[in-house]
Amino acid sequence: MIRNHYSLVVTGDGSRDGLGRILSCPPFLAHALRCSIPPSISARKTPIFLISKLSDPNLRMTGGGRRSARSRTKPSTDVNEDDDAFNKAKPISKLRRVKTKDHGTALRILNADLKIILGFGIIAALIIFFLVNHLISIAEEARRPRVVTPFPAPRIMDLPQFQGEHKESLYWGTYRPHVYFGIRARTPLSLVAGLMWLGVKDGRYFIRHICQDSDDLSTYGWTSHNGRDFGHQVLVDQDMTLATSFLKYKEDDSGYGGDWAVRINVQNQGWNEEMQKNVHLFFYLAEEDGNALSLGGDILDIHENSLLASGSRTDIGEWQLHLKSKADLEVHYSGLRTPHIHNLSDLVQENLASQLIRFNRLQLPDIYQSSSNILVFQISGRIPLETDIVFVSGAGENSRVEERISNLAGVSLTNQLNKKQREFDVKFESCFQLADKLDSNSIHVGKAAIGNMLGGIGYFYGQSKISIPKNSNVKSHDDFLLYWPAELYTAVPSRPFFPRGFLWDEGFHQLLIWRWDLHISLDIVGHWLDLINIDGWIPREQILGAEALSKVPAEFVLQHSSNGNPPTLFLVLRDLVNGIKKNKFTASESSEIISFLQQAFVRLEAWFQWFNTTQLGKDVGSYYWHGRDNLTIRELNPKVYTEDATVAVLLEKYLFFSLSLGLSKWSGFGYFQTLSSGLDDYPRASHPTEDERHLDLRCWMLLAADCMNSVAELIWKENKPGKDYASTSNLLSDFDTLNQMHFDHASGAYFDFGNHTEKVRLSWKENMIGNNYVDRELVREVLERPELKLVPHVGYVSLFPFMTRIIPSESWILEKQLDLISNRSILWTNYGLRSLAKTSSMYMKRNTQHDAPYWRGPIWMNMNYMILSSLRHYSLENGPYRDKARAIYEELRDNLIRNVVQNYHQTGFLWEQYDQKQGKGKGARVFTGWTSLVLLIMAEAYNEM
1 MIRNHYSLVV
11 TGDGSRDGLG
21 RILSCPPFLA
31 HALRCSIPPS
41 ISARKTPIFL
51 ISKLSDPNLR
61 MTGGGRRSAR
71 SRTKPSTDVN
81 EDDDAFNKAK
91 PISKLRRVKT
101 KDHGTALRIL
111 NADLKIILGF
121 GIIAALIIFF
131 LVNHLISIAE
141 EARRPRVVTP
151 FPAPRIMDLP
161 QFQGEHKESL
171 YWGTYRPHVY
181 FGIRARTPLS
191 LVAGLMWLGV
201 KDGRYFIRHI
211 CQDSDDLSTY
221 GWTSHNGRDF
231 GHQVLVDQDM
241 TLATSFLKYK
251 EDDSGYGGDW
261 AVRINVQNQG
271 WNEEMQKNVH
281 LFFYLAEEDG
291 NALSLGGDIL
301 DIHENSLLAS
311 GSRTDIGEWQ
321 LHLKSKADLE
331 VHYSGLRTPH
341 IHNLSDLVQE
351 NLASQLIRFN
361 RLQLPDIYQS
371 SSNILVFQIS
381 GRIPLETDIV
391 FVSGAGENSR
401 VEERISNLAG
411 VSLTNQLNKK
421 QREFDVKFES
431 CFQLADKLDS
441 NSIHVGKAAI
451 GNMLGGIGYF
461 YGQSKISIPK
471 NSNVKSHDDF
481 LLYWPAELYT
491 AVPSRPFFPR
501 GFLWDEGFHQ
511 LLIWRWDLHI
521 SLDIVGHWLD
531 LINIDGWIPR
541 EQILGAEALS
551 KVPAEFVLQH
561 SSNGNPPTLF
571 LVLRDLVNGI
581 KKNKFTASES
591 SEIISFLQQA
601 FVRLEAWFQW
611 FNTTQLGKDV
621 GSYYWHGRDN
631 LTIRELNPKV
641 YTEDATVAVL
651 LEKYLFFSLS
661 LGLSKWSGFG
671 YFQTLSSGLD
681 DYPRASHPTE
691 DERHLDLRCW
701 MLLAADCMNS
711 VAELIWKENK
721 PGKDYASTSN
731 LLSDFDTLNQ
741 MHFDHASGAY
751 FDFGNHTEKV
761 RLSWKENMIG
771 NNYVDRELVR
781 EVLERPELKL
791 VPHVGYVSLF
801 PFMTRIIPSE
811 SWILEKQLDL
821 ISNRSILWTN
831 YGLRSLAKTS
841 SMYMKRNTQH
851 DAPYWRGPIW
861 MNMNYMILSS
871 LRHYSLENGP
881 YRDKARAIYE
891 ELRDNLIRNV
901 VQNYHQTGFL
911 WEQYDQKQGK
921 GKGARVFTGW
931 TSLVLLIMAE
941 AYNEM
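Residue 78 in UniProt numbering sits at position 78 of the sequence shown, and the numbers go up by one each step.
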């Protein structure tokens with residue numbers, strides 16, 4: 001018994017009574033314990049009193065060191081075993097008394113005892129050290145506010161399917177969507193690479209690096225990208241066209257993640273004298289962990305030696321960066337030492353300006369600061385120019401470095417890029433089958449849609465800043481709490497404006513991505529679900545890391561745990577479940593999806609329960625988006641809440657600044673979060689109260705309950721645990737109850753319900769500031785007392801019962817919905833369905849002085865996709881209105897495709913929204929998030945119920 005205890009202790013194998021389980025002992029400690037115990041102990045079978053005593057089950061940890069309340073309070077059945085071990089340690093003194101009777105060996109015994117004491121001392125010190133740290137960790141866990149406490153369940157990303165080859169295959173990528181071209185690894189502190197160039201505008205030089213509208217690029221974006229190891233991008237800056245190609249390749253000698261190459265091709269579309277037919281490119285490497293990079297040489301002559309830089313990392317081993325080109329290039333460099341890389345553009349521009357002033361040379365100074373963790377290489381040459389940059393990992397001895405470089409440069413790289421492009425084209429047609437449906441212009445836009453979606457996937461690491469919940473006892477020196485350090489692998493809505501994760505956008509993104517690469521999609525959804533906290537809440541906007549934070553004003557970073565976002569991830573999960581049921585996946589894929597759902601189920605339950613408790617309405621089966629401001633005097637229709645007038649002023653300035661850039665999307669930073677529905681300024685009841693019933697949220701909850709029920713049936717068959725989601729789904733899909741709560745017989749439309757009056761307006765009010773200045777502002781004026789009633793605004797929200805297919809195919813109410821959709825005086829346009837009816841009193845009305853209409857008229861692709869999906873559904877259902885649904889479906893689909901394709905070829909971009917009058921792109925351009933759903937519309941690939 002005692003010997004078994006000793007064996008468990010020194011191996012640290014995590015068994016129930018082993019020290020590894022007690023302390024979550026790392027391997028090095030287990031090794032240290034094993035090496036510190038003299039052989040004489042095991043030879044004499046001496047009991048290990050101290051360690052046996054520490055086998056108390058109350059000290060055990062679960063998982064990887066995080067303990068749940070459940071594990072802390074769970075009764076133990078091992079106490080007697082530990083007491084036995086403790087009692088059996090008593091014979092130690094008796095053994096020693098017997099030994100001391102042998103006076104002839106006293107000195108030898110004394111030496112042995114000193115060794116034993118020393119060994120026990122070392123062991124005791126190590127144990128005490130880890131115990132103290134463990135107890136401190138427990139105390140910190142107990143003090144940690146719930147809002148920043150992780151959900152106590154195994155992480156989804158720890159599943160075997162996300163390890164090994166899958167994880168390594170996605171290690172390197174173009175995971176920096178906010179820059180025109182950037183590469184990093186999926187690791188918190190990565191070796192980062194990127195491209196800048198010198199542009200000319202109005203006779204002045206500007207660094208191009210961060211994606212931003214003010215650069216006035218004619219177009220930029222990925223024309224093709226497979227999400228893994230290949231991408232091709234075209235950028236047009238004035239008269240200069242840059243093409244960047246990315247290729248990743250894994251050889252036997254490569255380090256972890258493989259090697260990669262970048263080809264940069266520069267052409268011109270018309271000589272610009274300002275450019276003098278030259279181009280200045282800047283390729284850089286930066287170590288986020290601060291480790292120094294080694295320069296290839298003091299003087300860089302690529303024709304003599306192509307090595308630009310080298311270094312070593314624990315993950316990939318030794319690495320080298322090489323520049324290969326047949327062009328006549330001039331290369332200069334600058335080595336910088338800085339803890340941050342988000343301001344790298346400014347550092348390079350300052351270097352160039354200093355050189356220009358001092359020496360009248362537009363080149364980097366060829367200076368390497370001590371222990372530089374950033375190396376910037378200026379590559380200058382005459383247009384046209386083509387150069388290859390090759391990164392090789394695992395570049396130690398006998399790793400065939402020269403051969404591997406040769407395989408990723410020149411003709412060999414050309415051949416591999418051409419092969420990857422052909423593979424992309426073949427896979428595109430296999431996935432979406434457009435060749436017989438659409439013309440080449442439309443197919444070109446479809447490829448750009450999927451290419452930009454995949455090329456816009458990013459990797460982020462950091463801690464979200466969470467506003468301290470109201471009425472909490474949390475004390476902090478700041479006005480926020482830090483979420484736990486977390487990573488996020490996600491697609492982004494827009495590279496220049498929203499290069500970070502948005503929760504409700506991501507569900508729509510995945511409708512496209514899972515059809516292209518199931519494993520990437522599961523990886524992304526898993527990362528999002530691992531962000532859920534102990535209460536079942538996920539921060540709606542993820543601003544992780546210094547680079548992401550640099551794009552957001554500090555006043556608007558905080559996330560609020562009272563605010564939700566539509567649970568659109570259930571859209572993709574429902575698709576996956578239905579796909580398994582209809583045998584759309586291979587046996588291996590189905591198995592991975594089921595494993596994923598089994599691991600994710602407890603988190604999905606918590607997420608569902610968060611909505612089902614925090615967003616409940618007063619009536620059974622009713623919900624409303626919490627957080628609207630019932631005290632506002634500035635908003636025509638309340639959508640946000642604040643207690644701080646100073647923040648209100650800051651927000652107004654931020655909105656004005658955004659609108660001046662042509663950016664209409666307000667992403668809801670700080671305590672001023674937009675209406676949680678995601679439909680921002682869509683009109684709701686004029687006076688927020690707890691009596692509200694929001695139609696869209698009710699339908700989202702139906703989707704969630706139905707999906708949870710389907711998942712439970714799939715992964716547990718007859719033995720479904722926990723909540724009965726079927727009953728919730730049945731309640732929310734009850735047609736009669738829905739009509740009683742939300743249907744207006746007079747208009748044949750579905751509406752929200754709340755305390756409402758239509759007689760509200762914004763009026764100018766003069767305020768005296770000081771003695772000599774009068775300021776004017778628009779303030780809200782209410783002209784009649786509100787009353788509880790349906791809120792009579794026809795728009796996207798009205799169509800949610802149609803989108804979720806609650807309406808029976810034979811019901812006369814279905815015909816009413818088809819009439820609303822096809823009526824040109826209400827929602828129909830030649831470019832898609834507008835978000836709010838022309839007949840609404842809020843149609844295209846500003847919500848504040850600086851808050852332009854957003855969801856009050858313009859055409860949005862995500863909602864049009866969902867409406868098209870249901871039109872297609874009803875056109876295939878038996879019923880009196882199937883032909884009418886089919887006719888509307890075909891015309892609406894044609895209108896949407898034609899308008900998006902036309903705008904893309906005219907402007908070079910996909911847009912955030914489209915004008916309902918002329919069809920022109922509006923809001924953020926390079927909005928390759930849910931606007932990319934146009935590809936699924938082309939392919940007629942819709943979500944299923």
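Cβ atoms here follow ideal geometry from the backbone N, Cα and C, with glycine treated the same way.
Of all alpha-carbon atoms in I128, G456, G164, T223, the one lying nearest the alpha-carbon of H178 is that of G456. Beta bridge pairing from DSSP links M196 with F282. Per DSSP, M861 is not a residue of any beta strand (DSSP E); the alpha helix (DSSP H) it occupies stretches across 861 to 876. The region 190 to 205 makes no contact with the region 420 to 434, as fewer than three CB pairs between them are under 8 Å. Taken through DSSP and simplified to helix, strand or coil, A449 comes out as helix.
Scanning V602, Q378, N895 for the CA closest to the CA of F283 turns up Q378. A Cβ-Cβ contact shorter than 7 Å links N864 with G832. Rounded to the nearest angstrom, the gap between the Cα atoms of D298 and Y333 is 9 Å.
For A885, the closest of A292, G921, D894, S822 by C-alpha to C-alpha distance is S822. With a threshold of 16 other beta carbon atoms within 10 Å, P567 meets it and is buried. A direct Cα-to-Cα measurement between D388 and L247 gives close to 11 Å. Under the DSSP definition of a beta bridge, D259 partners with Y249. The C-beta of S825 has fewer than 16 other C-beta atoms within 10 Å across all chains shown, which makes the residue exposed.
Taking the CA atoms as reference points, W197 sits about 48 Å from A606. By alpha-carbon distance to Y874, the top candidate from E890, I859, W860 is E890. Shown here, V147 sits in a helix according to DSSP, grouped into three states. Taken through DSSP and simplified to helix, strand or coil, L159 comes out as coil.
Boundaries of the beta strand (DSSP E) harbouring A924: 921 to 925, taken from the DSSP string.
Counting the other CB atoms within 10 Å of its CB gives M701 a total of 16 or more, which places it among the buried residues. If you look at G545, you'll find it in the alpha helix (DSSP H) that goes 545 to 549. For D158 and A409, the gap between their C-alpha atoms comes out near 36 Å.
The Cβ atoms of G501 and N563 lie no closer than 7 Å to each other.
Rounded to whole angstroms, the separation of the alpha carbons of M844 and K838 is 8 Å. Sequence-distant partners of K759 (beyond 5 residues in either direction) whose C-beta falls short of 8 Å from its own C-beta, in its chain, are V782, L783, E784.
With contacts defined by Cβ atoms closer than 7 Å, L454 and G507 do not form a contacting pair.
Take S294, set aside five residues on each side of it, and the residues of its chain with a beta-carbon closer than 7 Å to its own are A309, S310, G311, in chain order. Contact check for C431 against W514 fails: the beta carbons are separated by 7 Å or more. K324: member of the beta strand (DSSP E) spanning 317 to 324, first to last residue. Q542 has G501 as its beta-bridge partners, per DSSP. Of the residues assessed, I813 falls on the buried side of the cut-off, its CB having 16 or more other CB atoms within 10 angstroms. When the Cα atoms are used, L820 and N730 turn out to be separated by approximately 27 Å. Note that the C-beta distance between S798 and A852 is not below 7 Å.
Boundaries of the beta strand (DSSP E) around E787: 787 to 791.
For R693, the pairing in a beta bridge is given by DSSP as F753.
In this model, R382 and L217 are separated by some 21 Å (Cα to Cα). DSSP places D883 outside any beta strand (DSSP E); the residue lies instead in the alpha helix (DSSP H), whose first and last residues are 882 to 907.
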